[in-house]
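Student:
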Amino acid sequence: MVEAGVRTALAERVARLSGCEVKPGEPLAPLTSVRVGGAAEALVRPRSPEALVALLKLAREEGIPISILGGGANTLVGDGGVPGFTLKLPGDLFPEVADVGPEEGRLTLGAGAAIVRLINLMRGNALVGAEFLAGIPGTLGGAVAMNAGTKNGEAFRAIEAVEVATADGVGWLEKARIPHAYRHSELPPDSVVTRVRFLLRKGDVQASKAAMDADLGYRKRTQPLSQPNFGSVFTNPLGDHAGRLIELVGLKGHTLGRAQVSILHANWIVNLGGATARDVLGLVTLMQQRVREETGVDMKPEVKRVGEFLP
Numbered sequence: 016m017v018e019a020g021v022r023t024a025l026a027e028r029v030a031r032l033s034g035c036e037v038k039p040g041e042p043l044a045p046l047t048s049v050r051v052g053g054a055a056e057a058l059v060r061p062r063s064p065e066a067l068v069a070l071l072k073l074a075r076e077e078g079i080p081i082s083i084l085g086g087g088a089n090t091l092v093g094d095g096g097v098p099g100f101t102l103k104l105p106g107d108l109f110p111e112v113a114d115v116g117p118e119e120g121r122l123t124l125g126a127g128a129a130i131v132r133l134i135n136l137m138r139g140n141a142l143v144g145a146e147f148l149a150g151i152p153g154t155l156g157g158a159v160a161m162n163a164g165t166k167n168g169e170a171f172r173a174i175e176a177v178e179v180a181t182a183d184g185v186g187w188l189e190k191a192r193i194p195h196a197y198r199h200s201e202l203p204p205d206s207v208v209t210r211v212r213f214l215l216r217k218g219d220v221q222a223s224k225a226a227m228d229a230d231l232g233y234r235k236r237t238q239p240l241s242q243p244n245f246g247s248v249f250t251n252p253l254g255d256h257a258g259r260l261i262e263l264v265g266l267k268g269h270t271l272g273r274a275q276v277s278i279l280h281a282n283w284i285v286n287l288g289g290a291t292a293r294d295v296l297g298l299v300t301l302m303q304q305r306v307r308e309e310t311g312v313d314m315k316p317e318v319k320r321v322g323e324f325l326p
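Residue 16 is where the sequence shown starts when you use the working numbering, and the numbers rise one by one after that.
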């Protein structure tokens, strides 16, 4: 558990950096989609790329840990809080740029922008090619970090390049320089995604809209989108589905504290109101153990864990 005095001292150091908004002891549960977890030792929002680089440099020089919080849609924050800097990029840190030609278009957005901003910009410029991202919560930076997607496609299929910041500066990386796979990407160590450039094409906008509406309708019918959650708990094992395996071992609807394996989709955990990270993590562990014992399948969590988890 982070002490209040430590929070204050750390916040004062960050406050001396030009262009950073800092909030010591800021509760993080409201900033995550599952609504659980403790507070940040220091929640920091840089207001310029230069301020971000300065923050990363300070963290490197002083050995201060940094955790990145995007839209909080795929994140489980520990009840003990998050030590060091919790970095959250503002959605408006960078302007949206549309470079559209007769056959294709390049859309550049800040990593802190919500994924829906890409979809809106795509539709507004009569482009197609990123329909599979529609309806996915979170930010574009998070979509890059985990190569977000659905059964219909993944982020890197539409990405052309990614800009990252480190303590040494800011620069662009072409997609070919970023190893990526199913729900995974390998960004440079200690880097932060700042902007993303998508390469899309001109196409049938009405068909694109119909595909996105159909996919969202399906998700509303089969996923507990109206309850606090962090999306899929596990990646799908090769040739199978995590939800099927969890249901097979009898855990669909199982409750621990105020967290529940969704009765609508077994690969989702929902907060019934007042759940703790301990409740949620206990369910994750139980799901893994039961599936491993009864089927031999070792399921890999998709959700990112951040901070200190209490026993």
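Think of the CB as a built atom: it goes at the ideal place given N, C-alpha and C, for glycine as much as any other residue.
In three-state terms, what does DSSP make of I151?
Tutor: Correct three-state label for I151: coil.
Student: Select from S247, D294, R216 the residue whose C-alpha is nearest the C-alpha of A141.
Tutor: Checked all of S247, D294, R216; the closest Cα to A141 is R216.
Student: Helix or strand or just coil, what does DSSP make of D94?
Tutor: Looking at D94 - three-state DSSP - the assignment turns out to be coil, as it is neither helix nor strand.
Student: State buried or exposed for I278, treating a residue as buried only when at least 16 other CB atoms are found within 10 Å of its CB.
Tutor: It counts as exposed.
Student: Roughly how many angstroms lie between the CA atoms of P45 and A290, to the nearest whole one?
Tutor: Approximately 13 Å, taken between the alpha carbons.
Student: What residue range is occupied by the uninterrupted alpha helix (DSSP H) comprising L67?
Tutor: 64–77 is the span of the alpha helix (DSSP H), which, as asked, contains L67.
Student: What's the gap between the Cα of E178 and the Cα of E308?
Tutor: Their Cα atoms are separated by approximately 43 Å.
Student: Look up T250 in the DSSP assignment and say whether it is helix, strand or coil.
Tutor: If DSSP states are grouped into helix, strand and coil, T250 belongs with coil.
Student: For I284, name the three-state secondary structure that DSSP assigns.
Tutor: The answer is strand: DSSP assigns I284 an E or B state.
Student: Which ranges does the beta strand (DSSP E) cover as unbroken runs of at least 3 residues, wholly within the stretch 203–251, from first to last along the chain?
Tutor: For the stretch 203–251, whole beta strand (DSSP E) runs of length 3 or above, ordered along the chain, are 207–217, 244–247.
Student: Buried or exposed: P105, going by 16 or more other Cβ atoms within 10 Å of its Cβ?
Tutor: With fewer than 16 other Cβ atoms within 10 Å, it is exposed.
Student: Assign Q221 to buried or exposed, taking buried as 16 or more other Cβ atoms, counted over all protein chains shown, within 10 Å of its Cβ.
Tutor: Exposed, because fewer than 16 other Cβ atoms sit within 10 Å of the Cβ of Q221.
Student: Give a yes or no on whether the C-beta atoms belonging to V49 and F245 are separated by under 8 Å.
Tutor: Result yes, Cβ atoms of V49 and F245 sit closer than 8 Å.
Student: Comparing alpha-carbon positions, which option in Q303, K103, N286, G218 lies nearest G116?
Tutor: Of the candidates Q303, K103, N286, G218, the one whose C-alpha sits nearest the C-alpha of G116 is G218.
Student: Leaving out the 5 sequence neighbours to the left and right, which residues in its chain are closer than 6 Å to V285 when beta-carbon positions are compared?
Tutor: Hits under 6 Å: P239, Q242, N244, Q275, S277.
Student: Just how far apart, CA to CA, sit L155 and T209?
Tutor: Spanning the two alpha carbons is a distance of roughly 9 Å.
Student: Between M137, V92, H199, which lies nearest to F324 when the distance is taken from Cα to Cα?
Tutor: Ranking the options by Cα distance to F324, first place goes to V92.
Student: Determine whether the beta carbon atoms of K319 and N89 lie at a separation below 8 Å.
Tutor: Yes, they are a contact pair.
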